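First the structure, in the form of structure tokens, and then the observations on it.
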Amino acid sequence: MKSNTATAMGSQNKGANGSEPLGSNSEIGRKLKQYYDDLISDDVPDRFADLLKKLEDSETNSPASDGGK
Amino acid sequence: MSDRSSFKQDLLGAIPSLRAFAMSLSQNADKADDLVQETLVKAWDKQTSFQPGTNLKAWVFTILRNEFYSQMRKRGREVQDSDGLITARMAVHPSQPGSMDLKDFRAALEKLPEDQREAIILIGASGFSYEEAAEICDCAVGTIKSRVSRARTRLQEILSVSGEGDYGPDAIASQVMGSTAA
Numbered sequence: 001m002k003s004n005t006a007t008a009m010g011s012q013n014k015g016a017n018g019s020e021p022l023g024s025n026s027e028i029g030r031k032l033k034q035y036y037d038d039l040i041s042d043d044v045p046d047r048f049a050d051l052l053k054k055l056e057d058s059e060t061n062s063p064a065s066d067g068g069k
Numbered sequence: 070m071s072d073r074s075s076f077k078q079d080l081l082g083a084i085p086s087l088r089a090f091a092m093s094l095s096q097n098a099d100k101a102d103d104l105v106q107e108t109l110v111k112a113w114d115k116q117t118s119f120q121p122g123t124n125l126k127a128w129v130f131t132i133l134r135n136e137f138y139s140q141m142r143k144r145g146r147e148v149q150d151s152d153g154l155i156t157a158r159m160a161v162h163p164s165q166p167g168s169m170d171l172k173d174f175r176a177a178l179e180k181l182p183e184d185q186r187e188a189i190i191l192i193g194a195s196g197f198s199y200e201e202a203a204e205i206c207d208c209a210v211g212t213i214k215s216r217v218s219r220a221r222t223r224l225q226e227i228l229s230v231s232g233e234g235d236y237g238p239d240a241i242a243s244q245v246m247g248s249t250a251a
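The listed protein sequences derive, respectively, from chains A and B. First residue of the first sequence: 1, per the working numbering; consecutive thereafter. First residue of the second sequence: 70, per the working numbering; consecutive thereafter.
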């Protein structure tokens with residue numbers, strides 16, 4: 001087998017932002033990233049920020065037993 | 070108070086990833102957003118159980134995943150949603166190796182069993198370590214490794230990606246399997 005595989009892998013393994021087991025050296029790995037990045041870059045509907053705001057407000061308005069003191 | 074608002078900021082920041090993960094699991098945009106919404110409510114309610122300084126993203130992913138499976142159990146396994154069917158029909162055959170496009174990939178991903186799909190997404194796309202993924206999925210690290218490996222093999226079959234010959238199969242395979250190459 002290729003003797004340099006292990007060393008190559010070793011360094012790759014310590015990739016800066018976390019190792020990439022399905023790394024850029026595999027077509028599947030690349031597609032997977034592309035697929036996911038595509039999803040991540042999707043615009044986030046306002047409903048989620050609104051929801052969190054509502055959750056936060058509901059707590060500040062009604063001081064919960066564990067909140068106030 | 071400031072704890073709350075920073076928690077809220079962190080949750081806000083996690084939303085794009087949560088949605089991506091939810092889409093990967095449910096393969097349906099409406100369901101995915103419902104899942105995210107449910108997850109945010111749960112996360113908010115449970116915020117005292119979150120340990121500041123630990124990985125919030127992993128924490129909310131765990132909540133979302135649990136929610137996904139509990140909804141699935143509740144509904145019983147529905148027939149694939151219509152979106153899924155459409156994608157599957159459009160899947161066509163990856164004509165020439167190397168020309169696989171995103172649509173083909175999406176369709177292939179959809180054919181994987183959930184456990185394999187989530188494993189390969191968590192590891193290959195969301196940037197979690199095997200340990201984190203194992204925690205999120207509440208299983209052993211070795212289980213995640215073998216799921217990722219099976220998912221990868223399956224995707225290659227479906228997409229008829231020519232072997233990894235050119236790309237250095239040993240490196241990937243051994244990383245996936247634990248280190249045979251050590």
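By construction, the Cβ of each residue, glycine as well, lies at the ideal position given by its N, Cα and C atoms. Model, not experiment: these values are computed from the prediction.
Our contact map puts residue i next to residue j with C-beta atoms below 8 angstroms; I'd like the distance itself, whole angstroms only.
| i | j | result |
| --- | --- | --- |
| L228/B | A177/B | 5 angstroms |
| W113/B | L32/A | Not really, about 31 angstroms apart at Cβ, beyond 8 angstroms. |
| L52/A | R88/B | Incorrect: roughly 14 angstroms between the Cβ atoms, too far for contact. |
| V129/B | A83/B | 5 angstroms |
| A194/B | C206/B | With 8 angstroms as the limit, A194/B and C206/B do not qualify as a contact, their Cβ atoms being about 15 angstroms apart. |
| R216/B | Q185/B | 5 angstroms |
| I28/A | V230/B | 6 angstroms |
| F174/B | Y35/A | 6 angstroms |
| A127/B | E226/B | Contact doesn't hold; Cβ gap of about 30 angstroms is too wide. |
Between the options, which has its C-alpha nearest residue i's C-alpha?
| i | options | result |
| --- | --- | --- |
| A91/B | D79/B, T108/B, L80/B | T108/B |
| R254/B | E201/B, K180/B, I205/B, K77/B | This structure cannot settle anything about residue 254/B, because the visible part of chain B is limited to 70 through 251. |
| D102/B | D57/A, R47/A, E59/A | R47/A |
| I192/B | P121/B, D173/B, T212/B | T212/B |
| F137/B | Q78/B, Q96/B, L171/B | Q96/B |
| W105/B | Q140/B, D72/B, R73/B, S75/B | The displayed chain sequence assigns Val, not Trp, to residue 105/B. Comparing Cα positions, the closest option is Q140/B. |
| A49/A | S75/B, L81/B, D72/B, L125/B | L81/B |
| S75/B | G122/B, D170/B, E183/B, Y199/B | G122/B |
Under a three-way DSSP split, which group does residue i fall into?
| i | result |
| --- | --- |
| V129/B | helix |
| D207/B | coil |
| Q120/B | coil |
| I192/B | helix |
| V217/B | helix |
| F76/B | helix |
| Q96/B | coil |
| K31/A | helix |
| V44/A | coil |
| G82/B | helix |
| L181/B | coil |
| S229/B | coil |
| S58/A | helix |
So does residue i have its beta carbon nearer than 6 angstroms to some heavy atom of the ligand COA?
| i | result |
| --- | --- |
| K33/A | With respect to small molecules bound, the structure shown includes none, and the ligand COA cannot be examined in it. |
*Residues in the stretch 125-136 of chain B with C-beta within 8 angstroms of chain A's C-beta atoms, listed in sequence order?*
none
*Pull out every residue of the stretch 208-222 of chain B whose Cβ sits closer than 8 angstroms to any Cβ of chain A, in chain order.*
V217, R221
*Which residues, taken in chain order from the stretch 99-125 of chain B, show a beta carbon closer than 8 angstroms to some beta carbon of chain A?*
D102, V105, Q106, L109, V110, W113, T117
*Residues within the stretch 27-40 of chain A neighbouring chain B, beta-carbon criterion of under 9 angstroms*: E27, I28, G29, K31, L32, K33, Q34, Y35, Y36, D37, D38, L39, I40
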